[in-house]
Every structure is written in C-alpha cells, then in structure tokens.
Amino acid sequence: MAARNVTSGDNHQVANHTMARRMVLASLTRRRSRVLIAVAAVAIGATALGGLATIAADIPRHLSRELREVGANLVVSPAGDQPGLADTTLQQVDQALAGRQVVAQAAFRYQTVRLANQSYLAAGADLNQVQQAKGYWAVQGEWPAGPGQVLLGTDVAAWAGAEVGQNVTVSLPVGQEGAADEAAPQAVYTVSGIVTAGGAEDEMVVLWADDLAALAGPGPWDVAEYSVASESKDLAAIAQAISQAVPQVQAEPVQRLARSEADVLAMLRTLLALVATLVLALTMIGVSTTMVAVVTERRVEIALRKALGADQAVINREFVTEALVLGLVGGLAGVGLGYAFAWGVGQAVFHRSVQMPWWVALATVAVAIAVTRLGVIVPLRRTAQIDPALQLREE
Amino acid sequence: MFLRMLRGALIRHRGGRAMIALTTALGACVATAMLGVAFDVGDKVSQELSTYGANIVVQPKGAAVLDDVYGLADAATTGGPALQEAEVANIKTIFWAFNITQFAPFLEVAAQVGASGEASMADAAPVTVVGSWFAHQLALPTGEHVSAGLIELRAWWEVAGGWIADGDVGLAMVGSKLAQERGLGLGDWLALTGPAGQAVDVQVAGLYTAGGDEDGQVLVPLAVAQQLAGRPGEVDRVEVAALTTPDNDLARRAAQNPGALTVSEWETWYCTAYASSIAYQIEEVMTDAVAKPVREVTEAQGTILTKTGMIMILVTLLSLLASALGVANLVTASVMERAPQIGLMKAVGAPDGAVVRLILAEMAVIGLAGGVVGFGLGLGAAQVVGFAVFGGAITPRPVVAALVALLVVLVMVGGSLPAIRLLVRLRPAEVLHGR
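Chain order of the listed sequences is A and B. Heads up: the first sequence is residues 1 to 395, going by the numbering used here. Heads up: the second sequence is residues 1 to 435, going by the numbering used here.
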C-alpha cells in the first residue's frame, strides 16, 4: 500500500486497478466449477424472486379479466328523472369509459309480455354482447344465432312446458299502451336455448332487441352492464366519473364479489412474498458456503499476497467485486428464468402471456447483488483470519 | 472401520456438515410448509369467499320474483306462497351442514314511512322494509348452538351506529341512500305503516352502506316485518352462504336433471359439496322450497378457486425445485471439499465402492438429521403462514411427510452423484500434492 503514496501515485493507482481487475477475472475463470455453483445458487434465488414478483404484479389483471368474463361489475341505469337510456347516452358512457379495458358490455330493455297465458319479463338486447357479458349463464341448447330465436329462462320453460327447438307465441299484455284491446300484438319465436342463471333471468324471456322493437315498438334501454377490467378498489371511482360525465345516468359498481376478490389477491401476494423470502435465505447460505470454500482453496495465495504487503482492504475489495459480478450475472439469469416461469404460469392458468414490469427486473438484479454481498460477509472474515506466517510455513 | 471413518467425517468437519444439515433443514422446511399450504389452500380460499355473500337462494315454489328486477311488481303485498320461519333452521341439518357457513331469512314488505307523530305522507313512494335475523341463536337437534344472521352474512357492510339485535323490536337500521333522501339520522323515530294498515314505531339505531338496492331499504327484526305484513311465521327468501366445490361435468349434468344420473353417479354428486347438491339437500328439508345456486356468485367463486389453486401448485413446484437445487448445489460443493481425504483413502487402496458407500452414508445421516428438523420447522412455518395469510390453522397431513422424505432422499442422492463421479475418477497423487 505504501507504493500508492509515492509521487507518481496516479500511475501506480492505474496499475493497481488493472491488477485488481485481472485478479478478479482470473479468480472467476480459473475456478470455473465453484463460480458456476455460486452463480447457479444466485440464479435460483433470483428466479424465484423475479418469477414470483412478476406473478404477484400481474395476477390481479388476469384474475379480474377472467372474473369479468363471468359477470359484469358496473351497472349503468337512468338517473332518477330519466325515462331510459338513449343510444346517444350510451355512446357518451362509452366515451367516459375510453381508455379503460371494457371486456364486455350489454344494454337491456325490459318489457312485460305474455307467454302461455302468464306474464313474464322479456329482456331485449344484442345477444352477441349478452353472451360475452353473461359468462355465468348456463345455456342448454344454443345461443340464438339470428332474429326469431329466443332464450327462455329455466323457470319460464318449466312453467310453459317449452323445450329447445319448439315455437312459442309471445304477445303484449292486453291493455298495454298502443295495443288494440282485442288483438294484442304477438309474434312466434323459436326457442334456441334454455338459460339457467340462478337469478332473476330464470324467469325471463331473452330475445333480440330488434325482435322486441318489432313487437312492442321502439323504446329506450333500461339498463346497461359493463365488465371493466380493473381492480375493485378503482371501480367506485370509475362509476363516479361516469355519473359525473353523463348526467342522464347513474353508474354503480356491483359489490358482490369485489371485496373477496381483493382479499384473495392479498392472501396470494403475502404467500408469494413469504416463499420468495425463504428461497432467498437458501440462496444466501448457498453463496456463503461456496465463497467460504473458495477462500479455503485460495488461502495460500491470499497468504502470499498478505506477506507481500497487500492489506485486508485490498483483499476485501477483490472478494466484494467478485461477489458483485456473481450477483449481477446470477441476477440477470434469474430475471430471464423468472420471466420464463411467470410466462409458463400465465399460459397454464390464464392462457395469456404475462409481462414483467421493468421495476421487478431491476429489483431482482439489485436484490441478487445485495444477497450475494451479504453472503460474502462470512468468507471475508475467514480471509482476515489467514495468518501468512502459519500458512506459508510449509511452502 | 467404516463407522469410525463416518463418525470422523461427521465430527471433524462439524462446521461444513452442520451447514449442509441446516440447508437441508431449510429446504425441507420450505417444502413442508408449501406442500401443507398447497393442500389446504382450496379450503381456505373457499372459506374466504363464502364470507362475502350468499351463493344459494331459497325461495318458495312458484313465487313471483319479478320485483327482484327493477321493482316491477310489489309481490310483498300479495299473500303468495311463503316459506316457514320454523323450517329455516333445518338447513343446518343437511348432509353438508358443516359447509353452510351462514344463512338468514328475509321477509320484504312495502310500507309507508313517515316521521313519528305525523300522518304518513300518502303520496310518498312506499319503502321496502326488510325483516331478517341479525345474530339469531339456534339450537340444533344435534345439541349444538349456532348463530345465524345478517351480521355475518353481510360482513362487508359499512355500518354507522351499530347492528341491532333480534330482540330489539323497537329499533331499525336504515340504508344510507334512503337516509340521505329523507334526511334521517341516528336516533330518529320512524312510523312504519304496512299495506293492511298495521303500524309500528321504530327508532333508527344504525345506518348501513351496502352498495346496491339495499341502500334504499329499512331493516328491522324479522318479527317486526311479519307483524307489518300480517304474515306471522312466514319468510319469502332465505340466503345461504356455503363452501362449495367448483362445478365439473357431473355437477352440470346433475343440475339439469338429477334424475338422469346413474345410482353411483348420483351418490358421488350427492356426497360432493357442489352448489347444486347442497341446494338439492336444502329443498329436501324445507316444504315447497326451491333452492338455486346463484350462478353469478358460484361461477366467480369457482374461477377464483381453480385459478388460485393452479397458481399455488406451480408456485409450490418452483419453491420445491429452488430449494432442491439449492441443497443439491451445497451437497456437491461440500462433497468436492473432501477430495484430499478421498485421495488418501484411494492411495491406501480403498475400492471405489467403499468411497461411494462412505459418502452416501454421510449424506444419509446429514439428510436424516436435516430432514427431521426441517419437517418439524416446516409444520410450524405452515401454521405461521396459515395464521398470517389465511387466519386459520393448516391441517397437517401424513402425505406431506411422505413427500418431503422422498424429496430429501432424491435431493441428497442427486446432489452427491456428480461429486461422487468426480471423486471416483480422482487421481490420488494429484490431490495429495495439494494442487
């Protein structure tokens, strides 16, 4: 170290740096099997961290998307003094929702009708949209493919004795406005399917909006359902934004499963964090043991350098640099493998690819380096204990 | 000789061996905890989901539920078919009674609401007054006592003031929307007038926000609603929250027509906690009742359950793989360290078989010690995870012990193999020279 303080210190320092670099490089390449083991240990830990963090960050998006295919989470109805929702009003709502990922949407118009001498509620809608929005409906038979085909709720079908493929006659109730007293407008439809929903829809007749308009005349929509891919906590804000942007409507989030969805996600995240921590602890022990073995192997060399005047700081710096390089390489490998794992999970569970947020990649490398640095604390203490006189006695 | 060498190896290199044992223990701990949690996660998630809302609704046969949707008819005023309050407790006696976490009966009545002392405003729209249980104590035929009611079934409601009790016939809770419209606050008195003129005065003891139609209703004890409606002992809806298994093909076929199943299929279906079989069993214990799974809820629950279950399995596999690789890594490293000793053994004429036996025996002892300690720790860790994450204990399962033992053996042998191959090829002269 004395050499550093002589007048031409700059040159010596450059030489020192070059020397240090060469030594780290040599130590890394020459003990290839050891280095591989250490890098593998770091990479395993980083893989677990990167993979689990990616899953934790990306799951909510996928799960909420998956749930939105099951059912809507936002209901838009006319504000108190409005008779219904006009097409232009719904376009305004669509504009208010611009930028949000709307998985499905469907507008419904309700009308009391008579079928087999009983009154039921008929829901008119674009049935292609309904099929998207009502993923939880179990339809026996087929979804209506075109005009003239209807879905019957399971209770309606049971009471009317209607089966898939039969024709049913639907009429407006006598006395309905616009209907002649003796001959109420009526139409014959083919039952293409029977729907079980476990809710109000079981007692409804579901038909195309155009068919309903032909039967009962044109009219506005009564309610519109939206499936917005968003975490439940944002939903209230979205609903409020819509109600403010479009004064003719009132938007409300569907509360049913929102809370439990959030709770289950929180549960899963805690679990993933715990697993990642445990695997990182394993990693640290692995790195530490490997580096201790490296120190044991190199004790003669370290003793020689100490005898030649290298002080502890230089040796420490070398090992720390080595650890940083190991951490960096292992961390980068872990980011790649972790992404591969998360991608596999995304494919297996959601049939979609996942994205690793940039901060997860960055954090993974940073943590990998930090863990490796912690792992060399014990090996560094070992190097300090090496006594050149004892070690070199036999040489 | 073999034993002495083994003992020597274990005792002399205490530090290194302890390290492997510790790592093995940590790995076994991770494996035990994760497997334990993975086997239990379905139940736990299902429990979590059932705390939020009913997934089965029981209604009287032939009831017109048109007022469910957009208030078309006020069915509450007509004396239609009804369920008997006395039969509601039967729900807790079905085959899957244990899976029924909560339930509550409902009776809705359209009533005029006015401030107490004034004549009720005739032109104001009637308000739906809902009678229900809050925390009703039930004595079951089995001798157990359970509590059923809204406090548990609507756990997510935000309540100001407080819940009322079933005996508080003079108290009511008011939905936040209604309270805002009518300017009602805690402590105000309301005069409720039923469709046939029955009048009850109640004091507002709680305000709730539910986020739905219920925010525009008044909630009273069931007896009060029955008095208002003039329908003693009757209820018109029971909501049930049950732990259910996600539907599969069998459940779908059974839901369409239970009669079409073969005897053995029917038994499988009846004895599995599908929403449809629980609903079927409820229909069996209540007169003229139709129990329906609320598909919007059960399907969403099923989605969450299957998806989280799959994620858990994959994460468990990753953690098992990571800890296995970590331990194998160390085992390889530590066996390689033994090069000089093995070199000496070979130099004095030990056959390869003896070397392999010594190392495997050593690893067996370390693996056993680490595995047993790790398994014990893992059982504890699983409980910690259980309480921290799920708020409940994790059931220990024998299959977990078997799996962990198998894993430890595989990892120890797998980790030693590359090193053993290297040591067998070792040339004594080179190692003993120390280069």
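Glycine included, each C-beta is placed from N, C-alpha and C at the ideal position.
Taking the Cβ atoms as the reference, valine 235 (chain B) lies roughly 6 Å from phenylalanine 106 (chain B), within the contact range of under 8 Å.
Between lysine 292 (chain B) and alanine 300 (chain B), the CB-CB gap reaches or exceeds 8 Å.
Going by DSSP, lysine 306 (chain A) is part of no beta strand (DSSP E) but of the alpha helix (DSSP H) stretching over 299-307. Straight through space, the alpha carbons of glutamate 337 (chain B) and leucine 390 (chain A) are spaced by roughly 21 Å.
Contact of alanine 333 (chain B) with chain A by beta-carbon distance below 7 Å involves Ile37, Thr289, Thr290, Ala293. Within the region 326-342 of chain A, contact with chain B at the beta-carbon level (separation under 7 Å) is assigned to Phe341. Per DSSP, the continuous alpha helix (DSSP H) segment holding arginine 373 (chain A) begins and ends at 358-375. Put simply, of B:Leu406, B:Ala111, B:Leu140, B:Ser147 the residue whose alpha carbon is nearest the alpha carbon of isoleucine 94 (chain B) is B:Leu140. Straight through space, the alpha carbons of alanine 293 (chain A) and alanine 339 (chain B) are spaced by roughly 12 Å. Within the region 64-82 of chain A, the residues whose Cβ lies closer than 7 Å to some Cβ of chain B are Glu66, Leu67, Val70, Gly71, listed in chain order. In the same chain as lysine 177 (chain B), and ignoring 5 residues on each side of it, the C-beta atoms closer than 8 Å to its own belong to Asp215, Gly216, in chain order. Under the Cβ criterion (8 Å, minimum of three pairs), the region 264-275 of chain B does not count as touching the region 105-112 of chain A.
Taking 8 Å as the CB threshold, leucine 318 (chain B) lines the interface with chain A. Just measuring C-alpha positions, the residue of B:Tyr208, B:Ala135, B:Thr308 sitting nearest glycine 167 (chain B) is B:Ala135. For asparagine 316 (chain A) and leucine 406 (chain B), the gap between their C-alpha atoms comes out near 41 Å. Pairing glutamate 48 (chain B) with leucine 150 (chain B), the inter-Cα distance amounts to about 17 Å. Residue range 312-345 is occupied by the alpha helix (DSSP H) that includes glycine 334 (chain A).
Beta-bridge analysis with DSSP links lysine 292 (chain B) to B:Val57. The beta-carbon of arginine 4 (chain B) is placed no less than 8 Å from the nearest beta-carbon of chain A. Within chain B, the C-beta atoms nearer than 8 Å to that of glutamine 140 (chain A) come from Gln256, in chain order. Neighbourhood of asparagine 329 (chain B) in chain A, by CB distance below 7 Å: Ile37, Ala40, Ala41, Gly286, in chain order. Pairing glutamate 239 (chain B) with alanine 148 (chain B) gives a Cβ-Cβ distance that is not under 8 Å. Using beta-carbon distances, glycine 216 (chain B) does not count as an interface residue toward chain A, since no partner is under 8 Å. With the rule of 3 Cβ pairs closer than 8 Å, the region 219-228 of chain A does not count as touching the region 187-196 of chain A. A direct Cα-Cα distance of roughly 42 Å separates leucine 6 (chain B) from alanine 20 (chain A). Listed along chain B, no residue sits closer than 8 Å to isoleucine 377 (chain A) by beta-carbon distance, the nearest being about 15 Å off. Excluding five sequence positions before and after leucine 426 (chain B), the CB atoms of its chain that fall closer than 7 Å to its own CB belong to Ala339, Ile342, Gly343, Lys346, given in chain order. Listed in chain order, the positions of the region 390-422 of chain B with a beta carbon within less than 8 Å of a beta carbon of chain A are Phe390.
Within the DSSP bridge table, the entry for serine 171 (chain A) names A:Arg114, A:Gln186 as partners.
Per DSSP, alanine 254 (chain B) is one residue of the alpha helix (DSSP H) stretching across 249-256.
Restricting attention to alpha helix (DSSP H) runs no shorter than 4 residues, the region 185-256 of chain A encloses them at 209-216, 232-245, ordered along the chain. For the region 230-264 of chain B, residues whose beta-carbon sits nearer than 8 Å to a beta-carbon of chain A comprise Arg252, Ala255, Gln256. Restricted to the region 364-430 of chain B, the alpha helix (DSSP H) segments that are unbroken, complete and at least 4 residues in length are 398-425, listed in chain order. Under DSSP, tyrosine 270 (chain B) takes part in no beta bridge, so it has no partner. Distance between asparagine 248 (chain B) and valine 424 (chain B), taken at the CA atoms: about 55 Å. For the region 167-249 of chain B, the continuous alpha helix (DSSP H) assignments of 4+ residues that do not extend past its boundaries occur at 176-182, 222-229, in sequence order.
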